[in-house]
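Reading through the structure tokens given below for one structure.
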Amino acid sequence: MLSYRHSFHAGNFADVIKHVVIVEILEYLSKKDKAFEYIDSHAGAGLFSLQSDHAEKLHEYTNGIGKLNAQDWPELALYFEIINSFNETGSFVYYPGSPLIARHFLRSQDRAWLYELHPTDFDLLKSNIGSDRQIRVKQEDGYKGLLSLLPPLSRRGLVLIDPPYEVKTDYQQVVNTVVLAHKKFSTGTYAIWYPVVDRSRIDQLEKNFIDSGIKNIQRFELAIAPDSHASGMTSSGMIVINPPWTLMKKMNQLLPKLVARLADDKDAYFKCDVLVGE
Ligand SMILES: C[S@@+](CC[C@H](N)C(=O)[O-])C[C@H]1O[C@@H](n2cnc3c(N)ncnc32)[C@H](O)[C@@H]1O
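Oh and the sequence shown: position 152 is 192 in the working numbering, straight run, nothing missing.
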């Protein structure tokens with residue numbers, strides 16, 4: 041089943057936390073000269089117009105990036121610099137997805153691998169990336185694809201796993217895939233996005249990671265409303281394995297501010313914790 045289109049959701053509060061976390065990780069990886077690899081198992085289309093029919097239908101970005109601006113968020117300067125690079129000065133129409141955010145950090149020695157199964161989004165991704173010898177775009181299953189690349193030659197890298205969870209098996213498949221991937225590439229950084237639609241699924245996901253035997257796992261979550269069975273996605277988070285040492289401090293400062301700005305509900309909350317120590 042491939043009905044999910046990220047163009048309906050681009051720039052929402054879940055994209056904000058996901059992309060802020062990957063910007064921090066990629067900035068950290070690019071501080072050393074040594075090459076790194078970026079693997080995006082569920083890449084999406086790469087760039088989204090917030091004026092498209094899809095974006096206009098749900099207006100989700102108005103609860104996310106639409107509520108933030110560069111002047112009030114100096115700590116997100118790099119995130120805004122990347123977004124602004126896709127927009128003419130003074131206008132805000134385009135929001136970059138994870139592949140184009142990651143491309144900002146690639147130097148001549150770095151490589152990226154992008155997997156996208158949806159035929160329309162694959163074509164859009166290919167055209168948004170254009171011809172770039174450092175980046176491989178594949179219309180293949182991202183879970184299998186990422187395993188085939190590990191360990192990367194550089195022995196450094198970020199693997200982003202960002203499934204739509206429209207098939208419920210995704211919850212188990214992310215854990216199974218990360219366990220196999222970690223056996224091949226234990227020093228890599230893994231960032232796994234999750235939505236909170238049904239908290240029990242996330243409790244189980246968290247438990248599966250804690251029981252996996254993998255060390256050094258942190259979790260960052262941003263809720264715009266209390267958990268509920270009736271309201272769709274109320275919260276979303278990132279599980280990060282082998283995070284840069286800077287990430288916890290940054291998210292501890294950012295998440296309370298993001299909740300205050302993005303959530304209208306007084307019971308909104310955030311989570312910023314170590315699931316498994318080093
Ligand atoms: C949440 S979106 C990705 C958003 C993107 N990572 C971003 O941050 O801009 C998930 C994407 O995964 C694609 N997809 C679903 N199952 C897949 C699979 N097994 N392998 C690769 N792509 C898949 C969907 O078509 C969808 O475009």
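Just so you know, even glycine gets a beta-carbon here, dropped at the ideal spot from N, CA and C.
The alpha helix (DSSP H) enclosing residue i, as first and last residue numbers
{"i": "Gly182", "result": "Gly182 to Leu189"}
{"i": "Lys71", "result": "It is not in any alpha helix (DSSP H) - Lys71 carries neither H nor E in the DSSP assignment."}
{"i": "Arg241", "result": "Arg239 to Ile250"}
{"i": "Ile264", "result": "Premise fails: Ile264 is in no alpha helix (DSSP H) and is neither H nor E."}
{"i": "Asp163", "result": "Pro159 to Ile169"}
{"i": "Ser138", "result": "Ser138 to Arg143"}
{"i": "Phe120", "result": "Ala117 to Asn124"}
Residue i CB to nearest heavy atom of ligand 1 below 6 Å
{"i": "Pro204", "result": "yes"}
{"i": "Ser89", "result": "no"}
{"i": "Glu156", "result": "yes"}
{"i": "His82", "result": "yes"}
{"i": "Tyr44", "result": "yes"}
{"i": "Gly51", "result": "no"}
{"i": "Asp163", "result": "no"}
{"i": "Ser253", "result": "In the sequence on display, residue 253 carries Gly and not Ser. Answer for Gly253: no, Cβ out of range of ligand 1."}
{"i": "Asp307", "result": "no"}
{"i": "Ser138", "result": "yes"}
{"i": "Asp238", "result": "no"}
{"i": "Gly182", "result": "yes"}
Three-state secondary structure assigned by DSSP to residue i
{"i": "Lys255", "result": "coil"}
{"i": "Ile105", "result": "helix"}
{"i": "Ala300", "result": "helix"}
{"i": "Asp112", "result": "helix"}
{"i": "Phe310", "result": "strand"}
{"i": "Glu206", "result": "coil"}
{"i": "Asp305", "result": "coil"}
{"i": "Ser89", "result": "strand"}
{"i": "Leu193", "result": "coil"}
{"i": "Val316", "result": "strand"}
{"i": "Asp55", "result": "helix"}
{"i": "Glu64", "result": "helix"}
{"i": "Ala95", "result": "helix"}
{"i": "Gly221", "result": "With the sequence shown as reference, residue 221 is identified as Ala, and Gly is not the correct amino acid for it. Three-state DSSP puts Ala221 in a helix."}
{"i": "Val133", "result": "coil"}
Limits of the unbroken beta strand (DSSP E) element including residue i
{"i": "Val177", "result": "Ile175 to Lys178"}
{"i": "Val236", "result": "Thr229 to Val236"}
{"i": "Tyr78", "result": "Glu77 to Asp80"}
{"i": "Leu146", "result": "Element bounds for Leu146: n/a, residue is neither H nor E."}
{"i": "Arg45", "result": "From DSSP, Arg45 is part of no beta strand (DSSP E); its letter is neither H nor E."}
{"i": "Ala152", "result": "Arg151 to Tyr155"}
* **Start-end ranges of the beta strand (DSSP E) lying completely within the segment 266-291, minimum 3 residues** => Taken in chain order, the complete beta strand (DSSP E) segments of 3 or more residues contained in the segment 266-291 are 275-281.
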